[in-house]
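For what it's worth, the working numbering labels the leading residue of the sequence shown as 6, then goes sequentially.
The beta-carbon is built from N, C-alpha and C at its ideal position, and this holds for glycine as well.
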Amino acid sequence: MNTGLSSPPPALPRALHGAERHRWRAGAACRGMDTESFFPTDTAPHAAEPALEVCRGCRVRSMCLVEALLVEDPARRYGVLGATTPQDRRRLHRTARVAARRTAAPAAVAPGSAAA
6 MNTGLSSPPP ALPRALHGAE RHRWRAGAAC RGMDTESFFP TDTAPHAAEP
56 ALEVCRGCRV RSMCLVEALL VEDPARRYGV LGATTPQDRR RLHRTARVAA
106 RRTAAPAAVA PGSAAA
């Protein structure tokens, strides 16, 4: 997927830049496991539980989640990544958009007060 970014934003952890971008995967708890369990075809909440259990004990789950949030196509969210389901990641993206809008909104000036 082309995100339109030539490189990751500077605020990302160093391990996500350049050649280091995928090195964290070597320490993933799911490494070598059958990926089918991380992409259940059943949409019932319990279907993702085995994969979520693996992720919850993973020492690199935060890196996995950051990677997913950076590169995932919002129209094609599938599977368990970084101990989250597609619905979890949808909520995270929505929360981030709302927070960004609030931060970007100009501060309201009370009537009768001088704007700086």
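Query                                                                                : Result
With the cut-off set at 9 Å, would you say Gly87 and Pro45 are in Cβ contact?        : no
How about Pro91: is its Cβ closer than 8 Å to a heavy atom in the ligand ZN?         : Annotation note on the ligand ZN: not contained in the displayed structure, which lists no ligands.
Do you know how far the Cα of Ala53 is from the Cα of His27?                         : 24 Å
So for Thr46, helix, strand or coil by DSSP?                                         : coil
Helix, strand or coil for Thr108, going by three-state DSSP, please let me know.     : helix
Taking C-alpha atoms, which residue in Ser42, Thr90 and Ala34 lies nearest to Ala73? : Thr90
Quick one: what's Leu86 bridged to in DSSP?                                          : Thr89
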